[in-house]
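Working notes, beginning with the structure itself.
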Amino acid sequence: MRCPVKKATVLSFLFLSFVMTTALEARELKIGTVSLQTILERAPQVKKFQEELEKEMSVRAQEIKSMDKKIQTLTEQHSRDAAIMSEERRQEVERQIIELQRDAKRAKEEFREDMNLAKSRELKKLQKLILEALDSFGNEQNFDLIIQDPLFAADSMDVTEQILKKLETKN
(Lines of atoms letter the chains of each structure in order from A and count residues from 1; the text may use other names and numbers.)
(Lines give C-alpha, C1' and ligand atoms only; values in the text may rest on other atoms or scores of the structure.)
Protein backbone atom coordinates (compact mmCIF):
# COMPACT_ATOMS: atom_id res chain seq x y z
CA MET A 1 0.00 0.00 0.00
CA ARG A 2 2.92 2.22 0.49
CA CYS A 3 3.82 2.29 -3.20
CA PRO A 4 0.70 4.17 -4.45
CA VAL A 5 1.18 6.82 -1.78
CA LYS A 6 4.77 7.36 -2.92
CA LYS A 7 3.61 7.70 -6.53
CA ALA A 8 0.96 10.22 -5.55
CA THR A 9 3.50 12.22 -3.54
CA VAL A 10 6.02 12.24 -6.40
CA LEU A 11 3.34 13.19 -8.93
CA SER A 12 2.08 15.99 -6.67
CA PHE A 13 5.62 17.27 -6.25
CA LEU A 14 6.22 17.22 -10.01
CA PHE A 15 2.91 18.98 -10.67
CA LEU A 16 3.66 21.72 -8.13
CA SER A 17 7.16 22.15 -9.57
CA PHE A 18 5.72 22.54 -13.06
CA VAL A 19 3.09 25.06 -11.93
CA MET A 20 5.62 27.12 -9.99
CA THR A 21 8.11 27.09 -12.89
CA THR A 22 5.40 28.15 -15.32
CA ALA A 23 4.26 30.91 -12.97
CA LEU A 24 7.80 32.21 -12.66
CA GLU A 25 8.32 32.20 -16.41
CA ALA A 26 4.95 33.71 -17.21
CA ARG A 27 4.89 37.21 -18.60
CA GLU A 28 2.14 39.59 -19.49
CA LEU A 29 0.60 38.95 -22.90
CA LYS A 30 0.37 41.81 -25.34
CA ILE A 31 -3.02 41.58 -27.05
CA GLY A 32 -4.55 43.87 -29.65
CA THR A 33 -7.84 44.05 -31.49
CA VAL A 34 -8.63 45.12 -35.03
CA SER A 35 -11.86 46.01 -36.82
CA LEU A 36 -11.74 44.43 -40.25
CA GLN A 37 -14.93 46.25 -41.25
CA THR A 38 -13.31 49.62 -40.53
CA ILE A 39 -10.22 48.66 -42.50
CA LEU A 40 -12.34 47.53 -45.47
CA GLU A 41 -14.24 50.83 -45.36
CA ARG A 42 -11.26 53.15 -44.95
CA ALA A 43 -8.20 51.50 -46.49
CA PRO A 44 -6.82 53.63 -49.34
CA GLN A 45 -6.49 50.52 -51.52
CA VAL A 46 -10.26 49.97 -51.33
CA LYS A 47 -11.02 53.52 -52.43
CA LYS A 48 -8.52 53.26 -55.27
CA PHE A 49 -10.03 49.96 -56.45
CA GLN A 50 -13.58 51.36 -56.33
CA GLU A 51 -12.55 54.34 -58.45
CA GLU A 52 -10.76 52.14 -60.98
CA LEU A 53 -13.67 49.70 -61.18
CA GLU A 54 -16.18 52.50 -61.62
CA LYS A 55 -14.06 54.03 -64.37
CA GLU A 56 -13.59 50.66 -66.09
CA MET A 57 -17.25 49.65 -65.92
CA SER A 58 -18.81 53.04 -66.69
CA VAL A 59 -18.75 52.44 -70.45
CA ARG A 60 -20.66 49.18 -70.08
CA ALA A 61 -23.08 50.76 -67.63
CA GLN A 62 -23.79 53.51 -70.17
CA GLU A 63 -24.39 50.91 -72.90
CA ILE A 64 -26.91 49.13 -70.67
CA LYS A 65 -28.67 52.42 -69.89
CA SER A 66 -28.79 53.15 -73.61
CA MET A 67 -30.36 49.75 -74.27
CA ASP A 68 -32.97 50.34 -71.55
CA LYS A 69 -33.78 53.75 -73.01
CA LYS A 70 -34.18 52.26 -76.49
CA ILE A 71 -36.50 49.57 -75.11
CA GLN A 72 -38.55 52.22 -73.34
CA THR A 73 -38.77 54.35 -76.50
CA LEU A 74 -39.86 51.40 -78.65
CA THR A 75 -42.39 50.28 -76.04
CA GLU A 76 -43.89 53.77 -75.84
CA GLN A 77 -43.96 53.99 -79.64
CA HIS A 78 -45.67 50.60 -79.83
CA SER A 79 -48.26 51.54 -77.21
CA ARG A 80 -48.95 54.89 -78.81
CA ASP A 81 -49.00 53.85 -82.47
CA ALA A 82 -50.14 50.19 -82.37
CA ALA A 83 -53.63 51.08 -83.58
CA ILE A 84 -52.36 52.89 -86.66
CA MET A 85 -49.42 50.57 -87.49
CA SER A 86 -49.69 47.93 -90.14
CA GLU A 87 -49.75 44.39 -88.79
CA GLU A 88 -46.31 43.76 -90.28
CA ARG A 89 -44.80 46.90 -88.70
CA ARG A 90 -46.41 46.16 -85.31
CA GLN A 91 -44.94 42.64 -85.28
CA GLU A 92 -41.54 44.01 -86.30
CA VAL A 93 -41.55 46.50 -83.39
CA GLU A 94 -42.67 43.77 -80.95
CA ARG A 95 -39.87 41.50 -82.18
CA GLN A 96 -37.33 44.34 -81.75
CA ILE A 97 -38.56 44.99 -78.21
CA ILE A 98 -38.29 41.31 -77.25
CA GLU A 99 -34.84 41.04 -78.83
CA LEU A 100 -33.59 44.18 -77.08
CA GLN A 101 -35.01 43.01 -73.74
CA ARG A 102 -33.20 39.69 -74.14
CA ASP A 103 -29.94 41.44 -75.05
CA ALA A 104 -30.29 43.89 -72.17
CA LYS A 105 -30.96 41.08 -69.70
CA ARG A 106 -27.89 39.18 -70.91
CA ALA A 107 -25.73 42.33 -70.79
CA LYS A 108 -26.89 43.09 -67.23
CA GLU A 109 -26.12 39.54 -66.08
CA GLU A 110 -22.66 39.63 -67.67
CA PHE A 111 -22.03 43.06 -66.15
CA ARG A 112 -23.08 41.84 -62.69
CA GLU A 113 -20.90 38.70 -63.02
CA ASP A 114 -17.89 40.73 -64.13
CA MET A 115 -18.37 43.17 -61.24
CA ASN A 116 -18.62 40.31 -58.74
CA LEU A 117 -15.53 38.60 -60.16
CA ALA A 118 -13.52 41.83 -60.05
CA LYS A 119 -14.65 42.54 -56.48
CA SER A 120 -13.86 39.00 -55.38
CA ARG A 121 -10.42 39.09 -56.99
CA GLU A 122 -9.62 42.45 -55.41
CA LEU A 123 -10.93 41.35 -52.00
CA LYS A 124 -8.51 38.41 -52.04
CA LYS A 125 -5.62 40.76 -52.83
CA LEU A 126 -6.74 43.16 -50.12
CA GLN A 127 -7.11 40.39 -47.53
CA LYS A 128 -3.56 39.26 -48.27
CA LEU A 129 -2.30 42.84 -47.94
CA ILE A 130 -4.18 43.32 -44.64
CA LEU A 131 -2.85 40.05 -43.23
CA GLU A 132 0.70 41.04 -44.21
CA ALA A 133 0.23 44.44 -42.53
CA LEU A 134 -1.18 42.80 -39.39
CA ASP A 135 1.63 40.26 -39.25
CA SER A 136 4.30 42.90 -39.81
CA PHE A 137 2.77 45.25 -37.23
CA GLY A 138 2.33 42.45 -34.70
CA ASN A 139 5.96 41.38 -35.03
CA GLU A 140 7.33 44.95 -34.94
CA GLN A 141 5.31 45.84 -31.85
CA ASN A 142 5.85 42.46 -30.13
CA PHE A 143 2.19 41.50 -29.96
CA ASP A 144 1.37 37.98 -28.82
CA LEU A 145 -2.15 38.06 -30.23
CA ILE A 146 -4.29 40.34 -32.40
CA ILE A 147 -8.00 39.49 -32.40
CA GLN A 148 -10.42 40.48 -35.14
CA ASP A 149 -13.68 42.18 -34.09
CA PRO A 150 -14.07 40.93 -30.49
CA LEU A 151 -17.40 41.36 -28.71
CA PHE A 152 -15.74 43.59 -26.15
CA ALA A 153 -12.28 45.06 -25.68
CA ALA A 154 -10.89 48.23 -24.17
CA ASP A 155 -10.24 51.01 -26.68
CA SER A 156 -6.58 50.96 -25.69
CA MET A 157 -6.28 47.50 -27.28
CA ASP A 158 -7.57 48.63 -30.70
CA VAL A 159 -4.80 48.72 -33.32
CA THR A 160 -7.06 49.43 -36.31
CA GLU A 161 -5.72 52.96 -36.87
CA GLN A 162 -2.11 51.75 -36.80
CA ILE A 163 -2.94 49.06 -39.38
CA LEU A 164 -4.62 51.70 -41.58
CA LYS A 165 -1.47 53.84 -41.36
CA LYS A 166 0.63 50.84 -42.33
CA LEU A 167 -1.66 50.22 -45.33
CA GLU A 168 -1.35 53.89 -46.35
CA THR A 169 2.41 53.48 -46.62
CA LYS A 170 1.90 50.47 -48.91
CA ASN A 171 -0.44 52.38 -51.22
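Reading the sequence shown from the start, the letters are residues -5 to 165 in my numbering. Glycine included, every Cβ here is placed at the ideal spot set by N, Cα and C.
Taking all protein chains shown into account, do 16 or more other C-beta atoms lie within 10 angstroms of the C-beta of residue 215, making it buried, or fewer, making it exposed?
Any answer about residue 215 is impossible in this case: the structure gives the chain only from -5 up to 165.
Provide the residue span of the beta strand (DSSP E) that contains residue 78, from first to last.
Residue 78 -> no beta strand (DSSP E), and no H or E assigned at all.
Just to confirm the assignment: which complete alpha helix (DSSP H) runs, minimum length 4, are found wholly within the segment 34 to 103?
38 to 75
For residue 145, name the three-state secondary structure that DSSP assigns.
coil
Cβ pair residue 157, residue 127 closer than 8 angstroms
yes
Name the one or two DSSP bridge partners that residue 152 has.
27
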